[in-house]
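Asks: Would you mind keeping the following structure in view while I ask a few things?
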Amino acid sequence: MNKVKSLLLINCAGAWLLAGCAEPQRFEAIEQVCVKNVEKACAMQIAEDVLGGMHFAVEKADAEQGYLRTRPLAGAQWFEIWRSDNVGPFNAAEANLHSIRKTVELAMNRREKELCIDCDVKVERLSLPERQLVSGWRAYEMFSASTSSIQRLKLHPEQKRAMAWVDLGNDKRLSTEILKRIEKRAKSKK
0 MNKVKSLLLI NCAGAWLLAG CAEPQRFEAI EQVCVKNVEK ACAMQIAEDV
50 LGGMHFAVEK ADAEQGYLRT RPLAGAQWFE IWRSDNVGPF NAAEANLHSI
100 RKTVELAMNR REKELCIDCD VKVERLSLPE RQLVSGWRAY EMFSASTSSI
150 QRLKLHPEQK RAMAWVDLGN DKRLSTEILK RIEKRAKSKK
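Residue numbering for the sequence shown follows numbering that gives the first Met the number 0, beginning at 0 and increasing consecutively.
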């Protein structure tokens, strides 16, 4: 019994000491990356490869204008370990609690001998209104046209009309990650 208490005390002391050793992580957003000796067409291909690797599907790509936009992508869930579109614990938790979608826009502009790339990631959350219920016995109908034995996501007509994607702003962490990946690939192409 004494050994168990001693072992527990040692483990607690070790955990307490380790908790104090962690340094707060500082995040520095990257607004833009500039790479030398890369053409727009090559940078567009690199960007498409990077975004494709992150499971984004390109909706519009114009190499001449240096513009690329993706289709909205639903946020990754905790069990989708192969996905990398949630950067940071807050974004991962939010994507697991809510219906989140993200759209990436890239703009490329030539500045002297460099090609500068801007990235903007728009984040939206699905707002699904509740239905008014008259009794607690039918709580399963609050969000969908389900029955007590089978749950289905079949919305009521009034919910469909009031359903909307709410703009949550930009995801600076994901923008930074995308720009870092594009810059790394562009530098390795030289």
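Every residue, glycine too, gets a C-beta built ideally from N, C-alpha and C.
The structure presented is a predicted model; accordingly, all values stated were derived computationally and were not measured.
Measure the C-alpha to C-alpha separation of Lys112 and Ala40 and round it to an integer number of angstroms.
Replies: Residue numbering aside, residue 112 sits at position 113 when the sequence shown is read from its first letter. Residue numbering aside, residue 40 sits at position 41 when the sequence shown is read from its first letter. When rounded, the distance between both Cα atoms is 15 Å.
Asks: Expressed to the nearest angstrom, what Euclidean distance is found between the alpha-carbon atoms of Pro128 and Asp166?
Replies: In the sequence shown, residue 128 corresponds to position 129, counting from 1. In the sequence shown, residue 166 corresponds to position 167, counting from 1. The alpha-carbon atoms of Pro128 and Asp166 are separated by roughly 16 Å.
Asks: Which residue from Met107, Trp81, Trp77, Asn108 puts its Cα closest to that of Glu93?
Replies: As a first step, residue 93 must be located in the sequence shown, where it is residue number 94. Nearest of Met107, Trp81, Trp77, Asn108 to Glu93, Cα basis: Trp77.
Asks: Kindly indicate the opening and closing residues of the alpha helix (DSSP H) around Ser40.
Replies: Indexing the sequence shown from 1 puts residue 40 at position 41. Rather than Ser, the amino acid found at residue 40 in this sequence is Ala. Element bounds for Ala40: 39 to 52.
Asks: With 16 as the cutoff for other CB atoms within 10 Å, does Ile9 come out buried or exposed?
Replies: Taking the sequence shown and counting its residues from 1, one reaches residue 9 at position 10. It is exposed - the Cβ of Ile9 has fewer than 16 other Cβ atoms within 10 Å.
Asks: Give me the Cα-Cα distance between Ile179 and Ile116, rounded to the nearest whole angstrom.
Replies: Here residue 179 is taken as the residue at index 180 of the sequence shown, counted from 1. Here residue 116 is taken as the residue at index 117 of the sequence shown, counted from 1. Here the sequence assigns Lys to residue 179, which means Ile is not the residue at that position. Distance between the alpha carbons of Lys179 and Ile116: 11 Å.
Asks: Assuming Leu173 is part of the alpha helix (DSSP H), what are its boundary residues?
Replies: Reading the sequence shown from its first residue, position 174 is the one you call residue 173. From DSSP, the alpha helix (DSSP H) with Leu173 extends over 171 to 188.
Asks: Starting from the Cα of Ser174, find the closest Cα among Gln44, Met53, Glu38 and give me that residue.
Replies: What you label residue 174 is simply residue 175 of the sequence shown in a count that begins at 1. The option with the nearest alpha carbon to Ser174 is Met53.
Asks: Cα-Cα, which of Asp84, Ser83, Met43 is closest to Tyr66?
Replies: Position 67 of the sequence shown, counted from the start, is the residue given in the question as residue 66. Selected option, being the one with the closest Cα: Met43.
Asks: Taking the continuous beta strand (DSSP E) assigned at Arg100, which residues delimit it?
Replies: Against the sequence shown, residue 100 aligns to sequence position 101. 99 to 110 is the extent of the beta strand (DSSP E) around Arg100.
Asks: Grab me the residues of Asp170's own chain with a C-beta within less than 6 Å of its C-beta, minus the 5 sequence neighbours each way, in chain order.
Replies: For the purposes of this step, residue 170 is taken as the residue at position 171 of the sequence shown. Same-chain partners within the cutoff: Val120, Val122.
Asks: Thinking Arg184 and Ile80 are a contact (beta carbons under 8 Å), I'd like their distance in whole angstroms, please.
Replies: On the sequence shown, residue 184 is found 185 positions in, with the first residue counted as 1. On the sequence shown, residue 80 is found 81 positions in, with the first residue counted as 1. Contact flag wrong, Cβ pair sits at about 22 Å.
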